[in-house]
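The numbers in the working numbering rise by one with no breaks, and the one at position 168 of the sequence shown is 492. Ideal Cβ positions, reconstructed from N, Cα and C, are used throughout, including at glycine. Values in this document were obtained by computation on a predicted structure and should not be read as measured data. Here the structure is laid out as structure tokens; the discussion comes afterwards.
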Amino acid sequence: MKPDETTIKVYNEKTADYRKMIKSSAELSVEKSFASSIPVGGCVLDYGCGPGRSAGYFAEIGLQTHAFDASIEMVKLAKMYAGVKVWQGSFESFSAHDTYDGIWASFSLLHAPREDMPNLLKKIHSALKVKGKLFLGLKLGTGQTRDALGRLYTYYEEEELKAVLKTAEFTWDTHITGASEGLDGTVTDWISVLAHA
Ligand SMILES: C[S@@+](CC[C@H](N)C(=O)[O-])C[C@H]1O[C@@H](n2cnc3c(N)ncnc32)[C@H](O)[C@@H]1O
325 MKPDETTIKV YNEKTADYRK MIKSSAELSV EKSFASSIPV GGCVLDYGCG
375 PGRSAGYFAE IGLQTHAFDA SIEMVKLAKM YAGVKVWQGS FESFSAHDTY
425 DGIWASFSLL HAPREDMPNL LKKIHSALKV KGKLFLGLKL GTGQTRDALG
475 RLYTYYEEEE LKAVLKTAEF TWDTHITGAS EGLDGTVTDW ISVLAHA
């Protein structure tokens with residue numbers, strides 16, 4: 325398993341455009357709620373961090389913050405945030421054990437093929453401490469396709485996501501849904517889930 329080359333190439337080429345995108349108030353409020361569920365000074369990982377805005381926020385409020393992304397251009401931006409340990413890495417090569425109080429996977433795992441998801445979630449579970457928190461943002465729908473820019477997307481319905489998280493031994497806490505315009509200019513429905521190990 326390795327990152328989808330075309331997807332990463334798009335992020336390398338469109339880093340500046342991606343960085344200009346504004347997060348909705350709903351997304352920002354989930355970020356706050358995730359951060360407030362982490363013990364003071366706890367350790368979090370921004371998994372597929374993009375330009376590192378969430379990681380920068382977690383570090384700013386005093387959390388020990390790690391972040392990785394497969395796109396070298398995204399990693400360069402994320403490194404500009406003080407207090408964040410950032411590296412170029414992939415979902416496929418990520419491995420840690422009992423390390424994180426929380427893992428923030430914000431609209432990153434939607435680029436993993438459906439067949440890889442169970443194993444990736446299992447590895448995330450193992451990287452979390454007991455009762456560690458997981459934030460998972462994905463696009464709602466069915467199937468797997470490339471968008472107009474060539475990025476590979478896997479879509480999930482709520483019930484399928486509940487099942488795949490349960491199989492990886494996560495407990496679903498809350499979720500919200502919404503719709504936003506993406507980098508390719510189309511509006512799509514999304515779901516964001518807060519769960520714990
Ligand atoms: C939609 S962006 C989300 C970025 C950030 N988490 C956010 O919420 O703004 C998806 C990110 O996932 C990264 N990504 C895609 N496939 C990856 C993989 N296999 N391993 C690591 N990062 C990956 C991309 O490079 C991109 O930065």
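So the candidates are the options; which of them puts its Cα closest to the Cα of residue i?
i, options, result
"GLY502", "LYS457, VAL511, PHE494", "VAL511"
"GLY465", "LEU485, GLU416, TYR371, LEU473", "LEU485"
"ASN336", "LEU507, SER516, ASP513", "LEU507"
"GLU416", "VAL410, TYR477, PRO437", "PRO437"
"ALA451", "GLY426, ARG470, ASP422, PHE431", "ASP422"
"TYR410", "LYS326, GLY380, VAL334", "A quick correction: the sequence has Val, not Tyr, at residue 410. Nearest option by C-alpha distance: GLY380."
"GLU384", "VAL399, LYS356, PRO442, GLU397", "LYS356"
"LYS347", "VAL334, GLY376, MET325", "GLY376"
Could you check what DSSP says for residue i in three-state terms: helix, strand or coil?
i, result
"LYS344", "helix"
"LYS356", "helix"
"LEU434", "helix"
"THR495", "strand"
"HIS449", "helix"
"LEU401", "helix"
"LEU444", "helix"
"PHE382", "helix"
"GLU416", "coil"
"ARG475", "coil"
"LEU507", "coil"
"SER516", "strand"
"THR526", "The question about residue 526 has no answer here: the residues shown for the chain are numbered 325 through 521."
"MET334", "Looking at the sequence provided, one finds Val at residue 334 rather than Met. VAL334: helix per DSSP, three-state reduction."
"ILE500", "strand"
Check whether the Cβ atoms of residue i and residue j sit closer than 8 Å, and answer yes or no.
i, j, result
"LYS457", "HIS520", "yes"
"TRP428", "VAL364", "no"
"LYS463", "LEU434", "yes"
"GLY366", "ASP393", "no"
"SER430", "ILE332", "no"
"MET398", "THR339", "yes"
"ALA492", "LEU445", "yes"
"THR330", "GLY474", "yes"
(request) For ligand 1, list every residue whose C-beta falls under 5 Å from any of its heavy atoms, going in chain order. (result) PRO327, TYR335, GLY372, GLY374, ASP393, ALA394, SER395, MET398, SER414, PHE415, SER430, PHE431, SER432, HIS435
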